[in-house]
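Chemist: Residue numbers for the sequence shown follow this note's numbering, so the first one is 9 and each next one is one higher. The beta carbon of each residue, even a glycine, is placed where N, CA and C say it ideally should be. The model shown is predicted, which means the values in this text are computed figures rather than measured ones.
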Amino acid sequence: MKYDKESLTMLAKELEIYKLKADAPMAEYTSFRIGGPADLLFMPSDREQLEKGIGKAKEFGVPYMIMGNGSNLLVSDSGIEGLVIRIAGDFSGIEYSKNILKARAGTLISAAAKDSVEHGFMGLEWAAGIPGTAGGAVAMNAGAYGGEIKQILTRVEYIEDGAVRSAKPEDGDLGYRFSRFAAPGRIVLSAEFSLLPDDGMTRERMRDYAERRRAKQPLTYPSAGSTFKRPAGCYAGALIEQAGLKGTSIGGAEVSVLHAGFIINKGGATSDDVKRLIELVQKRVYENSGVTLETEIKFIGR
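1) Using the Cβ count rule (16 or more neighbours within 10 Å means buried), how would you classify T300?
2) Are A120 and A142 touching if we call contact CB-CB under 7 Å?
3) Would you kindly work out how many angstroms separate the C-alpha atoms of E287 and L266, rounded to a whole number?
4) L132 by DSSP, collapsed to three states: which one?
5) Run through the stretch 260 to 295 for me and flag every whole beta strand (DSSP E) of 3 or more residues, listed as ranges in chain order.
6) With distances taken from CA atoms, which of I25, G43, D280, Q159 is nearest F50?
7) Quick check on G63: does DSSP put it in helix, strand or coil?
8) Which same chain residues, not among the five before or five after L182, have their C-beta less than 6 Å away from its C-beta?
9) Could you tell me the distance, in whole angstroms, from the CA atom of G63 to the CA atom of K29?
10) Give me the Cα-Cα distance between G233 and S79, rounded to the nearest whole angstrom.
11) So, using beta-carbon positions, are S86 and G44 closer together than 7 Å?
12) Could you tell me which of T38, E67, S39 sits nearest to L16, measuring between CA atoms?
13) Taking a contact to mean a Cβ-Cβ separation below 7 Å, would you say A199 touches A111 in this structure?
14) Taking E156 as the reference, give the member of G170, F201, V289 with the closest Cα.
15) Measure the C-alpha to C-alpha separation of I248 and S118 and round it to an integer number of angstroms.
16) Is R185 helix, strand or coil when you go by DSSP?
17) Measuring CA to CA, which of I74, K122, G140 is closest to F40?
18) Which one or two residues does DSSP pair with Y166 in a beta bridge?
19) Would E219 and L197 qualify as a contact pair, given that the criterion is a beta-carbon distance under 7 Å?
20) For the alpha helix (DSSP H) that contains Y217, what are its first and last residues?
21) In terms of residue numbering, what span does the alpha helix (DSSP H) encompassing S15 cover?
22) Count the other C-beta atoms from every protein chain shown that fall within 10 angstroms of the C-beta of D216, then say buried if there are 16 or more, exposed otherwise.
23) Check whether the Cβ atoms of F189 and A147 sit closer than 7 Å, and answer yes or no.
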C-alpha cells in the first residue's frame, strides 16, 4: 500500500500521547537482532489503545502490521513501511479462575508457564523456554516437547473486522504451526488455558526441558528459533546435518553447529544473509533427500 508522508505525520500526531517511536530499528525488537527501521512503532498497553491505533491507521490509509515479542520474525534490512503495532510489554497480565489461566496477549508465554507451576498447575510447563508472547503462541499454535497450545486452549478473545469477539476453538482452528487466530484476520487480545493440578513432577519436567534446551540449542546467539517446520516423518535438523550443512555460513548467518535446525546470527548478519542461507539449505536438502523444507519464521518488510 502506497501512502504519503503527510498521512504518516497525521497518524503520528494522533498517537503521540502513547508509546510511539519513529524510525524504530527493528533489530532491537526481534530475537534475530536483524532488521531496518519501521516508519512508526506503536506499543499499546490495552485494547482501547490498540483499537485506536488500528482505526487511525485505516483512517489515514497507512498500512499496519501486528507483532508480538519478535521471536519468529526476519525483518528486511530496508525496514517496514507504515505502522508496526507491538503487542508485548505493557499489554500483559495473568489471572486465574480455578484451573483456568487467562493471559493477556502481550504476556510472555514463558512467564505464564512458570507462573502456572508456581500456582500448582501443570499443562503449560513445556512452554517455559519459548520466548514469544501468549498472543503469538496462540497465533502459531506454538509447541515443544510434546505439548502444544491447542491441547489446553479453551477460549480466545480477539479483534476481527473491527469488532471484539470471544470464541472457543473448534476442530481445525489450530494445527501444526497453524492457527485461525492469526493476524491480520484476527488479532488476539487474550487467551484462556485449562490446566490440571500438579502431579508432583511438574517442576522436574520444567527443569529437564530447560536442561535439554541449553544442551541442544544455540541459546547464546540471536536466532528466530527453529528455522524450518518439521517435515512429515523426519526432523529438519537431521536432514540438514545429513546434507553436510552444519556450520555453513553466509555473511554473519550460520547453520548452528549445535543444532542444524537453527540459523543463527553470529554477528552482523543481515536479512539477506539469512535468506540466502535458507535458500542454500533448502536446495541442498532437496538434492540430498528429496524433501522440501518449509520455513517456520516469517519474512517481514519492504
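Modeler: This is what the structure holds:
1) Taking the first residue of the sequence shown as position 1, residue 300 is located at position 292. Looking at its Cβ environment, which holds fewer than 16 other Cβ atoms inside 10 Å, T300 is exposed.
2) Numbered from its first residue, the sequence shown carries residue 120 at position 112. Numbered from its first residue, the sequence shown carries residue 142 at position 134. Going by C-beta atoms, A120 is nearer than 7 Å to A142.
3) Translated into positions along the sequence shown, residue 287 becomes position 279. Translated into positions along the sequence shown, residue 266 becomes position 258. Going from the Cα of E287 to the Cα of L266 covers about 20 Å.
4) Here residue 132 corresponds to residue number 124 of the sequence shown, with the count starting at 1. Note: L132 maps to coil in three-state DSSP.
5) 261 to 263, 270 to 273
6) Counting from 1 along the sequence shown, the entry for residue 50 is found at position 42. That would be I25, whose Cα lies nearest to the Cα of F50.
7) In the sequence shown, residue 63 corresponds to position 55, counting from 1. Of the three classes helix, strand and coil, the one that applies to G63 here is helix, per DSSP.
8) Translated into positions along the sequence shown, residue 182 becomes position 174. Cβ within range, chain order: N149, K158.
9) Here residue 63 refers to the residue found at position 55 of the sequence shown. Here residue 29 refers to the residue found at position 21 of the sequence shown. C-alpha separation (whole angstroms): 18 Å.
10) Taking the sequence shown and counting its residues from 1, one reaches residue 233 at position 225. Taking the sequence shown and counting its residues from 1, one reaches residue 79 at position 71. Rounded to the nearest angstrom, the two C-alpha atoms are 7 Å apart.
11) Sequence index remark: in the sequence shown, residue 86 carries index 78 (1-based). Sequence index remark: in the sequence shown, residue 44 carries index 36 (1-based). In this structure, G44 lies closer than 7 Å to S86 by Cβ.
12) Within the sequence shown, the letter at position 8 stands for residue 16. The option with the nearest alpha carbon to L16 is E67.
13) Here residue 199 refers to the residue found at position 191 when the sequence shown is read from its first residue. Here residue 111 refers to the residue found at position 103 when the sequence shown is read from its first residue. Yes.
14) The count along the sequence shown starts at 1 and reaches residue 156 at position 148. For E156, the nearest C-alpha among the options comes from F201.
15) In the sequence shown, counting from the first residue as 1, residue 248 sits at position 240. In the sequence shown, counting from the first residue as 1, residue 118 sits at position 110. Distance between the alpha carbons of I248 and S118 is about 28 Å.
16) For this step, residue 185 is matched to residue 177 along the sequence shown. If DSSP states are grouped into helix, strand and coil, R185 belongs with coil.
17) One-based indexing of the sequence shown puts residue 40 at position 32. Among I74, K122, G140, the Cα nearest to that of F40 belongs to G140.
18) The residue given as residue 166 occupies position 158 in the sequence shown. DSSP lists R173, V196 as partners of Y166.
19) Counted from its first residue, the sequence shown places residue 219 at position 211. Counted from its first residue, the sequence shown places residue 197 at position 189. No. Outside cutoff.
20) By 1-based counting over the sequence shown, the position of residue 217 is 209. Its alpha helix (DSSP H) spans residues 210 to 224.
21) To locate residue 15, count along the sequence shown from 1; it is residue 7. 13 to 23 is the extent of the alpha helix (DSSP H) around S15.
22) Counting from one through the sequence shown, the residue named residue 216 turns up at place 208. D216 comes out exposed.
23) Counting from one through the sequence shown, the residue named residue 189 turns up at place 181. Counting from one through the sequence shown, the residue named residue 147 turns up at place 139. The answer is yes: Cβ separation under 7 Å.
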